[in-house]
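Right, dumping it as structure tokens:
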């Protein structure tokens with residue numbers, strides 16, 4: 020056996036392999052992954068925030084990155100990006116959202132926005148913790 024860096028074909032083979040395995044175990048609820056990627060811009064057209072997320076085969080919204088420019092924090096930009104993405108995801112039949120953050124990033128923000136901590140890695144990075152969150156999406160009741 021050898022272990023080598025991946026090329027694009029290797030990456031496709033790996034992704035297809037895990038998807039095929041998973042879908043043979045649990046049928047997909049959606050035909051494909053749907054990217055939800057949005058940028059927030061100020062009046063001058065400068066990027067001040069953004070969110071990168073996907074809805075997967077089982078209708079879960081996976082938030083990979085939510086970023087707000089530091090000088091624009093605490094002005095509702097992150098909230099608007101999050102709510103917009105949750106709403107679009109729910110309209111596309113997503114039923115749950117999931118993400119991770121660090122205690123020095125946005126732990127309190129996600130707690131205030133209805134996310135429940137479901138797991139923690141302590142002392143990662145040293146002196147901090149990584150927190151995993153989920154939230155049931157039910158936009159009609161909000």
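Numbering (my numbering), first residue to last: 20 to 161.
Positions of the beta carbon are idealized from the N, C-alpha and C atoms, including for glycine.
Review point. Which same chain residues, not among the five before or five after residue 133, have their C-beta less than 8 angstroms away from its C-beta?
Key: 154
Check your understanding: Counting Cβ pairs closer than 8 angstroms, one from the region 95 to 106 and one from the region 40 to 53, do we hit at least three?
Key -> With the cut-off at 8 angstroms, the region 95 to 106 and the region 40 to 53 do not touch.
Review point. For residue 33, which of helix, strand or coil comes out of DSSP?
Key: helix
**Study point:** Contiguous beta strand (DSSP E) assignments of at least 3 residues, all confined to the region 70 to 141
**Key:** Counting whole runs of 3 or more residues, the region 70 to 141 contains the beta strand (DSSP E) stretches 79 to 87, 115 to 121 and 135 to 141.
Review point. Could you give the residue range of the beta strand (DSSP E) that holds residue 152?
Key: Going by DSSP, residue 152 is part of the beta strand (DSSP E) stretching over 148 to 155.
Exercise for review: Would you identify the three-state DSSP class for residue 23, choosing helix, strand or coil?
Suggested key: For residue 23, the secondary structure class from DSSP, reduced to helix, strand or coil, is coil.
Practice item. For residue 126, I'd like the list of residues in its chain whose CB is within less than 7 angstroms of its CB, leaving aside the five on either flank, ordered along the chain. Key: If the five residues before and after residue 126 are omitted, its C-beta is found closer than 7 angstroms to the C-beta atoms of 120 and 150, all from its own chain and listed in chain order.
Practice item. Using DSSP bridges, identify the partner residues of residue 59. Key: 68
Practice item. Just the C-alpha distance for residue 122 and residue 152, rounded to the nearest angstrom, thanks. Key: 12 angstroms
Review point. In terms of alpha-carbon separation, which member of 35, 112, 140 and 33 lies closest to residue 77?
Key: If we check each option's Cα against that of residue 77, 112 comes out closest.
Practice item. Evaluate the contact criterion for the region 35 to 50 versus the region 59 to 78: three or more CB pairs, one atom per stretch, below 8 angstroms. Key: Yes: the two stretches touch, three or more of their Cβ pairs being nearer than 8 angstroms.
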